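Colleague: So the protein lines, in turn, are chains D and Y.
So the first sequence is residues 549 to 684, counted in this note's numbering.
So the second sequence is residues 762 to 860, counted in this note's numbering.
Ideal Cβ placement from N, Cα and C applies to all residues, glycine included.
Computed from a predicted model, the values in this text were never measured in an experiment.
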Amino acid sequence: MSSELDAARGRLTSSLIDIMAVFEAYSLVRGLIKAAKGLPEASREEKLRELSEKLEPVLSSCLADFLEALFYKGRVSQLAEDISKGFKPPREEVTYLSREVLRLCERVEERVSGAWRVLKPMLREVRGVEAHRHLK
Amino acid sequence: MRLTDTLSEAESKAHEAARKLASIASKVPPEAAGEELSRKLMLTIVSLVMLAGRLHQLKRDIELGYKPGAEDVDSMLRELEAALLEAKEVFSRLEGLLP
Chain D
549 MSSELDAARG RLTSSLIDIM AVFEAYSLVR GLIKAAKGLP EASREEKLRE LSEKLEPVLS
609 SCLADFLEAL FYKGRVSQLA EDISKGFKPP REEVTYLSRE VLRLCERVEE RVSGAWRVLK
669 PMLREVRGVE AHRHLK
Chain Y
762 MRLTDTLSEA ESKAHEAARK LASIASKVPP EAAGEELSRK LMLTIVSLVM LAGRLHQLKR
822 DIELGYKPGA EDVDSMLREL EAALLEAKEV FSRLEGLLP
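Here's what the structure looks like:
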């Protein structure tokens, strides 16, 4: 039973890290666009607008998932602690919690992949423009 | 008051404080908060939401027959009180930065 809970805890930690990476990348891309001297100001503003339009709804869902993952992490930790103090939960309780965690982590995986599909090309584009400017 | 009711109430307080913090934080421009306050905000929300999860599960385990030690429950409630105080302080600081 404890290995099942350890696995659930590990999955939650990975999901939390994946979501944090998306937030960091978003902030990095925004910063790079703002500082991209190789782009005219109008073009920078257009890119920032495009980034917000495409990503803000995903980021808002990521934030909700992040909070849900923390809540489940608290639940799993508490159940593990109570078991370590002698509590014998019904088998179904552990199965239920593990399934809920798996469902949440699968959703996070999909959401995070979607965010990277938007972020990666923009990151490549902004870096490409800057690299080109430095080569000139 | 039954222990499970106390835990439910504590869980609601944790959710409510986290929600209020997230709400005010979304109204403050990120560059106005600064690194220290932003980190404190993040850590306080993380503590509150994880505590809400722990309180929820402890209540559930009690309903399933677990009998926790009184000192375990007290320590969790004290942890919540500390997190709520922290939340109050972070909230006031963010409130002062509202445009």
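(1) What span of residues does the alpha helix (DSSP H) with D:R557 cover, start to end?
(2) For the alpha helix (DSSP H) containing D:F619, list its first residue and its last residue.
(3) Anything in chain D within Cβ reach of Y:G814, meaning under 9 angstroms, just list it in chain order.
(4) For chain Y, check one thing: does any of its Cβ atoms lie closer than 8 angstroms to the Cβ of D:P637?
(5) Taking 8 angstroms as the threshold, find out whether the region 570-584 of chain D comes into contact with the region 771-783 of chain Y through three or more Cβ pairs.
(6) Note down, in chain order, every chain Y residue with its Cβ under 8 angstroms from the Cβ of D:D630.
(7) Quick one: grab the DSSP three-state call for Y:P791.
(8) For a contact meaning CB atoms closer than 8 angstroms, what does Y:V810 contact in chain D?
(9) What residues in the region 633-657 of chain D have a beta carbon less than 9 angstroms from any beta carbon of chain Y?
(10) In three-state terms, what does DSSP make of Y:G857?
(11) Within the chosen definition, does the region 773-791 of chain Y reach the region 654-668 of chain D through at least 3 CB pairs nearer than 8 angstroms?
(12) How many Å lie between Y:P791 and Y:K828 at the Cα?
(13) Could you say which of D:S575, D:I567, D:L618, D:E604 lies nearest to Y:H776 if we only look at CA atoms?
(14) With a cut-off of 8 angstroms, does the C-beta of Y:V807 fall near any C-beta of chain D?
Modeller: Let's see:
(1) Looking up residue 557 of chain D in the first sequence gives position 9. Per DSSP, the unbroken alpha helix (DSSP H) holding D:R557 starts and ends at 550-583.
(2) Residue mapping note: residue 619 of chain D aligns to position 71 of the first sequence, counting from 1. D:F619 -> alpha helix (DSSP H) spans 589-632.
(3) Counted from its first residue, the second sequence places residue 814 of chain Y at position 53. L618, F619, Y620, K621, G622, R623, V624, S625, Q626, listed in chain order.
(4) Working through the first sequence from its first residue, we reach residue 637 of chain D at position 89. Using a Cβ-Cβ cut-off of 8 angstroms, D:P637 counts as an interface residue toward chain Y, since at least one Cβ of chain Y sits closer than that to its own.
(5) In the pairwise beta carbon analysis, the region 570-584 of chain D is classified as not touching the region 771-783 of chain Y: fewer than three pairs are separated by under 8 angstroms.
(6) Translated into the one-based positions of the first sequence, residue 630 of chain D becomes position 82. Neighbours of D:D630 on chain Y, chain order: Q818, L819, D822, Y827, P829.
(7) Start at 1 with the first residue of the second sequence, and residue 791 of chain Y comes out as number 30. Assigned with DSSP and collapsed to three states, Y:P791 falls in helix.
(8) In the second sequence, the residue the question calls residue 810 of chain Y occupies position 49. Here the neighbours are L615, L618, F619, G622.
(9) From the region 633-657 of chain D, only K633, G634, F635, K636, P637, P638, E641, L645 have a Cβ closer than 9 angstroms to chain Y.
(10) For the purposes of this step, residue 857 of chain Y is identified with residue 96 of the second sequence, where counting begins at 1. Secondary structure at Y:G857: coil, using DSSP grouped into helix, strand and coil.
(11) Judged by Cβ distances under 8 angstroms, the region 773-791 of chain Y makes no contact with the region 654-668 of chain D, as fewer than three pairs qualify.
(12) For the purposes of this step, residue 791 of chain Y is taken as the residue at position 30 of the second sequence. For the purposes of this step, residue 828 of chain Y is taken as the residue at position 67 of the second sequence. Going from the Cα of Y:P791 to the Cα of Y:K828 covers about 45 angstroms.
(13) By one-based count along the second sequence, residue 776 of chain Y stands at place 15. Closest by alpha carbon: D:L618.
(14) Along the second sequence, read from residue 1 onward, the residue named residue 807 of chain Y stands at position 46. Among the CB atoms of chain D, one or more fall inside 8 angstroms of the CB of Y:V807.
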